[in-house]
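Okay, so the sequence shown: first residue is 0 according to numbering that gives the first Met the number 0, each after it adds one.
The beta carbon of each residue, even a glycine, is placed where N, CA and C say it ideally should be.
Worksheet: the structure to be examined is printed underneath.
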Amino acid sequence: MQFSEFGQRLTAGSGIVSLMDDLGTALRENPDMLFLGGGNPARIEAVESLLSDAARHVLDQPERAHEMFGVYQSPAGDLVFRKSLAEHLNQQFEWGVGAANIALANGSQSAFFTLFNLLAGRHSDGSNRQIQLPLVPEYLGYSELGLTPDFFHANRPSIERLSEHEFKYHLDLDSLTVEPNSAALCVSRPTNPTGNMIGDTEMAALDRLAQSAAVPLIIDGAYGLPFPGIVFTEASCRWNDNTILVLSLSKLGFPGARTSIVIAAEPLIEAFAKANTVISLAAGNIGPAVAHELLKREQLLAMGRQSIAPFYQQRCHQAVQVLQRALAHLPYRLHKPEGAIFLWLWFEGLPITSQALYERLKAKGVLVIAGEHFFPGLTEPWRHRYECIRLSYAQPADVIERAAQIIAQEVTQVYEQDG
Ligand SMILES: Cc1ncc(COP(=O)(O)O)c(C=O)c1O
């Protein structure tokens with residue numbers, strides 16, 4: 000069978016697809032693998048019970064159950080839910096949004112596909128516009144979303160060395176400019192893979208840059224604010240007409256629902272809803288129905304603060320302690336963990352690539368993700384890219400403990416073999 004360029008692009012077996020395949024195969028071949036690779040949310044009992052209570056309540060009412068299972072919703076998604084969400088957001092943050100500023104989609108991965116390709120790619124004036132990622136490392140799931148080549152432009156961050164073993168990326172505001180062919184800026188906050196929470200002042204600067212260049216600022220809040228709120232620092236959650244905020248129910252504990260929520264200026268939402276109708280006909284109803292029930296119970300925004308963030312913060316704290324003990328003799332640095340569900344480990348001067356380290360760790364029964372894949376759009380050479388790995392700490396402490404020992408042994412050998 001011969002595939003089109005579109006077909007080839009999506010099936011090339013590079014990037015995220017081969018990565019996910021490799022993780023899947025490794026797990027099938029060795030079910031005892033210590034799995035620090037995936038993005039699955041952890042099971043949190045309190046959260047599971049809130050979600051299933053809300054779902055049961057909806058199912059128990061025949062009219063609501065029918066609406067959930069038996070109808071196609073309007074192009075932008077369930078109007079009653081969108082109105083209610085807008086009211087809650089206005090109460091909490093005074094954003095001044097209405098239902099017309101909100102569209103629902105089937106997971107934020109697919110929302111980004113639509114959104115990115117609505118904005119970037121070939122324009123009728125002949126220009127080729129790009130999505131600019133002003134701070135890489137950035138979410139690797141973006142990499143293959145563009146329907147045209149050369150889809151992303153990436154900017155390297157500045158690196159603040161906080162202590163012997165800790166660092167933090169910042170937007171490099173001294174040199175950062177919006178590229179002349181940028182269609183939009185995009186950041187995940189907190190960032191997958193690093194757990195970086197770009198500070199309020201830096202976000203305000205980014206917002207000013209975007210506004211003065213008349214391009215939208217896309218904020219991927221998959222882990223962030225206002226929900227699921229996996230954020231360990233003081234941070235505010237701002238929105239204006241130039242912001243496109245993309246939220247998801249996945250890290251709230253509901254990835255199976257495939258539900259995301261896009262909040263943006265009305266013309267963008269109209270365009271997004273039309274495109275989404277072409278692609279999906281309608282957004283699914285199950286996630287929005289449960290989220291609406293949680294909203295009615297004042298739980299949608301509260302469960303992050305009360306249950307989800309404290310859970311991950313504790314897991315994170317344990318994982319950091321374990322790694323600090325295991326790696327103490329190595330030249331490692333951890334990115335300051337400020338949110339999301341990952342730790343980003345930097346081995347300065349690592350003599351092999353992060354992909355080679357990934358393979359060696361896989362052979363020893365530990366699955367991580369090689370850092371080099373998290374730089375979509377970065378064309379300039381940068382050694383740092385090959386020196387990092389991403390670990391998920393959604394796993395129980397004993398898994399992290401065993402994995403940390405193996406990582407320490409393997410990395411020690413790598414440095415010794417080099418010396
Ligand atoms: C930063 C980021 N954005 C978007 C997504 C996509 O999430 P979903 O399609 O489940 O909403 C993920 C998934 O892990 C992510 O990490």
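| query | result |
| --- | --- |
| C-alpha gap between Leu78 and His291, whole angstroms | 11 Å |
| Ser391 and Ser247 closer than 8 Å at C-beta | no |
| Test item: CB-CB of Asn154 and Asp173 under 8 Å | no |
| Inter-stretch contact (C-beta, 8 Å, three-pair minimum) for the region 186 to 206 and the region 354 to 364 | no |
| Nearest residue (CA-CA) to Leu366, options Gln394, Arg382, Ala339 | Gln394 |
| Straight-line Cα distance separating Lys295 from Arg384 | 45 Å |
| Contact check, Leu342 vs Pro336, beta carbons under 8 Å | yes |
| Bridge partners - Thr242, DSSP secondary structure assignment | Leu216 |
| Where Ile421 sits in the DSSP three-state scheme | Look at the range of the chain in this structure, 0 to 418, and you will see that residue 421 is not part of it. |
| Cutoff 8 Å; reference Ile43; Cβ partners in own chain excluding five residues on either side | Gly252, Ser306, Ile307, Phe310 |
| Span separating the alpha-carbon of Met202 from that of Ala274 | 29 Å |
| Test: Leu84 CB closer than 8 Å to a CB of chain D | Reference to chain D is not applicable here, since this structure consists of a single protein chain. |
| Opposing strand residues paired with Glu165 [DSSP bridges] | Ser162, Leu333 |
| Start-to-end residues for the alpha helix (DSSP H) that takes in Leu88 | 78 to 92 |
| Exercise answer, beta-carbon shell around ligand 1 heavy atoms below 7 Å | Gly38, Gly106, Ser107, Gln108, Ser109, Phe111, Tyr138, Gly140, Ser187, Asn191, Asp219, Ala221, Tyr222, Ser247, Ser249, Pro254, Arg257, Ser259 |
| Rounded C-alpha distance that separates Thr200 from Met0 | 52 Å |
| Those residues which DSSP pairs with Ala153 across a bridge | Leu132 |
| DSSP three-state assignment for Leu35, whether helix, strand or coil | coil |
| Inter-residue CB distance, Tyr331 and His164 (contact presumed, cutoff 8 Å) | 6 Å |
| Alpha carbon of Thr10 to alpha carbon of Asp20, nearest angstrom | 12 Å |
| Unbroken stretches of the beta strand (DSSP E), 3 residues or longer, contained in the region 164 to 201 | 165 to 169, 181 to 187 |
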